[in-house]
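J.: Numbering-wise (my numbering), the sequence shown opens with residue -4 and increments by one. Let me give you the structure first, and then I'll get to my questions.
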Amino acid sequence: MILQIIFNKNNFKIFDFLSKKLVMFLIIINLSEPLKILNIVDYIFSDYEKAINDSSEYKEMLEFSKNLIELSDSSILTYSKNVYELIKNKENSKKVKSELSKIRKIILNNLKLDIYPKNPISLKSGREVYLYNCAVCHGDKGDGNGPAGKTLNPKPANFLERYDLSPLRIWTILNVGLVNMPSFNNLSDDEKWNVAFYVLSLKYQNAQKKKVNNKFDLKLISKLSDEDLKEMGYKNDEIAYIRTNIENLIEKKDHFYEILGSLDLIKNLYQKEEYEKAYSLSVDLYFNDFEPIEKNLFAKDFEFTSKLEQKFTQLRGIVKQKNKEKEVENLILNIKNDLEKARAILEGKAFSGNWALFNSFTIIFREGLEVAILFGIILSIVKLSENALAITISYLGIISAIFLGIITWIISQFIISISTLQREMLEGIVSLLAAIVLFQVSYWLISKSENKIWIGYIKEKLKSSLNKSNLFFIFSLSFLAGYREAFETVLFYQALIINTPKTDLNYVIFGFLLGLITIIIISYGILKLQLKLPLNLIFPITGTLLYILSFIFTGQAIRSFQEANLISTTSLNFLPTIDFLGIYPTIETTLAQSIFIILVILAIIIVKKEKKKREKLLSEIEIAEKEILNIIKSISDAKDRICKYQNLIVNVVEVSDKLKNALVHIQNLESALKEIQNDITLKRKNGN
């Protein structure tokens, strides 16, 4: 019974109707307003002709046309109402499509919906994506006869008969899906555009073609259907040539032109108090137009490019704030002036040999110096432990970082596309992790430097503390010290090589080797200097240096997140930009570093309190030690006196014995004398 209900033919229609409702509901709630309108327009455009003969689908069309009116502003409201009336009266699809095309054109142009490919089109890549993801339903030739599509209702689109589709429309469908078709958010933006252009070439694979000599703006061609091209005067054989040779017909993009145009539009949007649109456009122009020129610009003038990059970040922050017209206008003017300098820098001659050598040396020296200082500190601490394994692991961490940095670059070039946004995210995450780890190490070092009792046997303490978990900690610290800079260093060298004539590439290599040798010498000097310092100075000096590096990394991490548009940017114009200290004129970076300083102050307070406790304990121990020494001395003196008394007692005993003997003799003498006296007395009496 249940199976009969499920497989009832009428219920399939119900499920089909509900699934369409669900798809359109998701389209409406998940997209920005212009995209909502565009998707409803495209949905009606493709399904209206079939819907006239199906009561349920016809009701659906009426409902969507009402939604279109609700979403419309004054610029398209008239056309939206016309669409509703035409559908209500079941007018032919040509009239409906005509009104829908007007709405689409206004949305794409007047509403400044700026959706277009940001990179060159590759039909070869599009074909690969199509065969892997789409052919199973739409067929290899695009005729809608793929093996999985035969059971679907409605049937998959037959691209060979669709002249109304534009690349933008296909791209939109790939993003949001349709009935019986999922969205393809697993594909990158470039892959979606490539497959969109490839789909439109399918019907012309074997068609007669006539060469077209003029070039197309990529923005424009991405919005044009075959019908639009025909209206522009192109014949079928010319359209066939355009669709199958699109890669060779795109005008080379002038990013400076795009940026300057976007800056003017941002200023206009801000003056109209359309702050969100101004902010959104400021994000797009940075990632889509400035990023492609940034790498080469960095290679030619690092300091200038860093400052220009910061101004773009500042612009993103300020356009979200109200009543900043003057600041926005001045900043945009400032950026425009810098862009003229940037154009001159990039259009200048390629690097000469000596200039290439200098830049090559500067890149490795600039990026390596920070690593050298940090790694020198790590190694000097580890060497105090005299633990050979820990020293080896320190070197392994830094070597792994350099190796993985190169691997990351290779992957980004040849396997997957790592955008500026992803690169900034990566730098931000690594910087933040490094800041946290360095803070912990700094606290440990500072706390131990205050402990006078531990200084005497700190080496033994280090030896015993280097267990497996701490060895991994040392590896992580060394790794973070190197990886943060390694990937960026490779990117800069790539840009330098591109801008250096092949005959002068040996200068790049020589500059790199010279810079590397300089860094090794500096690292060796740092290590030797630290090992010669007294132990009670190594810990506070090293701890302080690590606190400073942690402070710098904190600012740089937040800055990277801002450049990746993950954290908002709120300007503080009174603050200077001190890049090498990680100080930037934004509330977010200042707040993060202020919190860091508070944590450092709290750490110092805790260390000082612990020091006072230790000093009090030490004082009590010293007093107790003195008292114990006095007692020991008193006991020693008493012992000496007892020994003297013992000797005296021995002497007294000897005298006593002699006196006793003398007394006995005296007593005997007394007795003898008494006897003599008695005899004398007796004799006297007798004599009388």
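Just so you know, even glycine gets a beta-carbon here, dropped at the ideal spot from N, CA and C.
Answer with buried or exposed for N77, where buried requires no fewer than 16 other C-beta atoms within 10 angstroms of its C-beta.
T.: In the sequence shown, counting from the first residue as 1, residue 77 sits at position 82. Flag for N77 reads buried.
J.: With a cut-off of 8 Å on the beta carbons, I'd call L169 and A191 a contact; round off their distance for me.
T.: By 1-based counting over the sequence shown, the position of residue 169 is 174. By 1-based counting over the sequence shown, the position of residue 191 is 196. Yes, L169 and A191 are in contact; Cβ-Cβ is about 7 Å, under 8 Å.
J.: Is it the case that the Cβ atoms of G550 and I521 are separated by a distance below 7 Å?
T.: As a working note, residue 550 is residue 555 in the sequence shown. As a working note, residue 521 is residue 526 in the sequence shown. In this structure, I521 does not lie closer than 7 Å to G550 by Cβ.
J.: So who's on the other strand from T697, going by DSSP bridges?
T.: Outside the displayed span of the chain (-4 to 683) sits residue 697, for which this structure offers no information.
J.: Give the secondary structure of M227 by DSSP, where H, G and I count as helix, E and B as strand, and everything else as coil.
T.: Here residue 227 refers to the residue found at position 232 when the sequence shown is read from its first residue. Residue state, collapsed to three classes: coil.
J.: Between which two residues does the alpha helix (DSSP H) harbouring M176 extend?
T.: Here residue 176 refers to the residue found at position 181 when the sequence shown is read from its first residue. No alpha helix (DSSP H) holds M176; DSSP gives it neither H nor E.
J.: Taking the C-alpha atoms as reference points, what is the distance between F356 and I330?
T.: In the sequence shown, the residue the question calls residue 356 occupies position 361. In the sequence shown, the residue the question calls residue 330 occupies position 335. Rounded to the nearest angstrom, the two C-alpha atoms are 29 Å apart.
J.: I'd like to check one pair, V377 with A383: are the Cβ atoms closer than 7 Å?
T.: Within the sequence shown, the letter at position 388 stands for residue 383. Within the sequence shown, the letter at position 382 stands for residue 377. It is not a contact, given that the beta carbons lie outside the stated cut-off.
J.: Determine contact between the stretch 282 to 289 and the stretch 314 to 327, defined as no fewer than three beta-carbon pairs at a distance below 8 Å.
T.: At 8 Å Cβ cutoff, the stretches do not touch.
J.: How would you label L664, buried or exposed, when you count the other beta carbons within 10 angstroms and need 16 or more for buried?
T.: Stepping through the sequence shown from its first residue, residue 664 is reached at position 669. Burial call: exposed.
J.: With 16 as the cutoff for other CB atoms within 10 Å, does T300 come out buried or exposed?
T.: As a first step, residue 300 must be located in the sequence shown, where it is residue number 305. That one is buried.
J.: Could you compute how far the alpha carbon of L711 sits from the alpha carbon of T308?
T.: The structure shown does not extend to residue 711, since the chain is modelled only from -4 through 683, so no value can be given for it.
J.: If contacts are defined as beta-carbon pairs under 8 Å, then A396 and Y270 qualify, I think. What distance do you get, rounded to the angstrom?
T.: As a position in the sequence shown, residue 396 is number 401, starting the count at 1. As a position in the sequence shown, residue 270 is number 275, starting the count at 1. Not quite, the Cβ-Cβ distance comes to about 41 Å (not below 8 Å), so this is no contact.
J.: Where do the ends of the alpha helix (DSSP H) carrying D284 lie?
T.: Taking the sequence shown and counting its residues from 1, the one referred to as residue 284 is at position 289. Taken as a continuous stretch (DSSP letters only), D284 belongs to no alpha helix (DSSP H), as it is neither H nor E.
J.: In three-state terms, what does DSSP make of I71?
T.: Reading the sequence shown from its first residue, position 76 is the one you call residue 71. Residue state, collapsed to three classes: coil.
J.: For I116, does the three-state DSSP call read helix, strand or coil?
T.: If you number the sequence shown from 1, residue 116 lands on position 121. Reduced to three states, the DSSP call for I116 is coil.
J.: How would you label F370, buried or exposed, when you count the other beta carbons within 10 angstroms and need 16 or more for buried?
T.: Indexing the sequence shown from 1 puts residue 370 at position 375. Buried, because 16 or more other Cβ atoms sit within 10 Å of the Cβ of F370.
J.: Specify, as a first and last residue, the run of the alpha helix (DSSP H) that L155 falls within.
T.: Residue 155 sits at position 160 when you count from the first residue of the sequence shown. That residue, L155, is in no alpha helix (DSSP H); it is neither H nor E in DSSP.
J.: Comparing C-alpha positions only, which one of Y252, K145, N153, Y38 sits nearest to R164?
T.: By 1-based counting over the sequence shown, the position of residue 164 is 169. Per the Cα distances, Y38.
J.: Using the beta-carbon count (16 or more within 10 Å), is A339 buried or exposed?
T.: For the purposes of this step, residue 339 is taken as residue 344 along the sequence shown, with counting starting at 1. That one is exposed.
J.: Which value, in whole angstroms, describes the spacing of the CA atoms of F360 and Y265?
T.: On the sequence shown, position 365 is the one that residue 360 refers to. On the sequence shown, position 270 is the one that residue 265 refers to. Cα to Cα, the separation comes out at about 42 Å.
J.: Going straight from the alpha carbon of K272 to that of R311, what length do you get?
T.: In the sequence shown, the residue the question calls residue 272 occupies position 277. In the sequence shown, the residue the question calls residue 311 occupies position 316. Whole-angstrom Cα-Cα distance: 11 Å.
J.: CB-CB under 7 Å to A130, same chain, minus the five flanking residues each way: which ones, in chain order?
T.: For this step, residue 130 is matched to residue 135 along the sequence shown. If we look at A130 and ignore the five residues flanking it on each side, its Cβ neighbours are G141.
J.: Identify the continuous alpha helix (DSSP H) that holds K187 and give its terminal residues.
T.: Indexing the sequence shown from 1 puts residue 187 at position 192. Start and end: 184 to 196.
J.: Taking T572 as part of the alpha helix (DSSP H), name the residues at either end of that continuous run.
T.: Start at 1 with the first residue of the sequence shown, and residue 572 comes out as number 577. Neither: T572 is in no alpha helix (DSSP H) and is coded neither H nor E.
J.: Look at P115 and S217 and say whether their C-beta atoms are less than 7 Å apart.
T.: Here the question's residue 115 lines up with position 120 in the sequence shown. Here the question's residue 217 lines up with position 222 in the sequence shown. No. Outside cutoff.
J.: Whole angstroms is fine: what's the gap from A152's alpha carbon to N128's?
T.: Your numbering for residue 152 matches position 157 in the sequence shown. Your numbering for residue 128 matches position 133 in the sequence shown. Using only the alpha carbons, I get a separation of about 14 Å.
J.: Enumerate in chain order the residues of its own chain whose CB-to-CB distance from S566 is below 7 Å, with the five nearest sequence positions on each side excluded.
T.: One-based indexing of the sequence shown puts residue 566 at position 571. Q309, G312, I313, P580, T581.
J.: Could you give the C-beta distance for D68 and E52, rounded to a whole number, given that I count them as a contact under 8 Å?
T.: One-based indexing of the sequence shown puts residue 68 at position 73. One-based indexing of the sequence shown puts residue 52 at position 57. That pair is no contact at about 28 Å.
J.: I'd like the list of long-range same chain contacts for L57, defined as Cβ closer than 7 Å, with 5 residues on each side in sequence excluded.
T.: Within the sequence shown, residue 57 is the residue found at index 62, counting from 1. So the qualifying residues of the chain are I82, K83.
J.: Measure how close the beta-carbons of I358 and L491 come, nearest whole angstrom, since I'm counting them as under 8 Å.
T.: Along the sequence shown, read from residue 1 onward, the residue named residue 358 stands at position 363. Along the sequence shown, read from residue 1 onward, the residue named residue 491 stands at position 496. The Cβ separation is near 7 Å, so the contact holds.
J.: Is it the case that the stretch 255 to 263 contacts the stretch 228 to 236, given that we only count it when at least three CB pairs across the two stretches are under 8 Å?
T.: As far as the Cβ criterion goes, the stretch 228 to 236 does not touch the stretch 255 to 263, which means the pair count is below three.
J.: Tell me which same chain residues have a C-beta within less than 6 Å of the C-beta of L160, skipping the five on either side of it?
T.: If you number the sequence shown from 1, residue 160 lands on position 165. Cβ neighbours of L160 beyond the five flanking positions: S220.
J.: Whose C-beta lies closer than 7 Å to the C-beta of K607 among residues of the same chain, with five residues either side of it excluded?
T.: As a working mapping, residue 607 is identified with position 612 in the sequence shown. Excluding residues within five positions, none has a Cβ falling inside 7 Å.
J.: Under 6 Å: does the beta carbon of V124 sit that close to some heavy atom of the ligand GDP?
T.: Looking at this structure, you won't find the ligand GDP or any other ligand, since it has none at all.
J.: Taking C-alpha atoms, which residue in N349, E480, S196 lies nearest to G400?
T.: For the purposes of this step, residue 400 is taken as the residue at position 405 of the sequence shown. Comparing Cα-Cα distances from G400 to each of N349, E480, S196, the minimum goes to E480.
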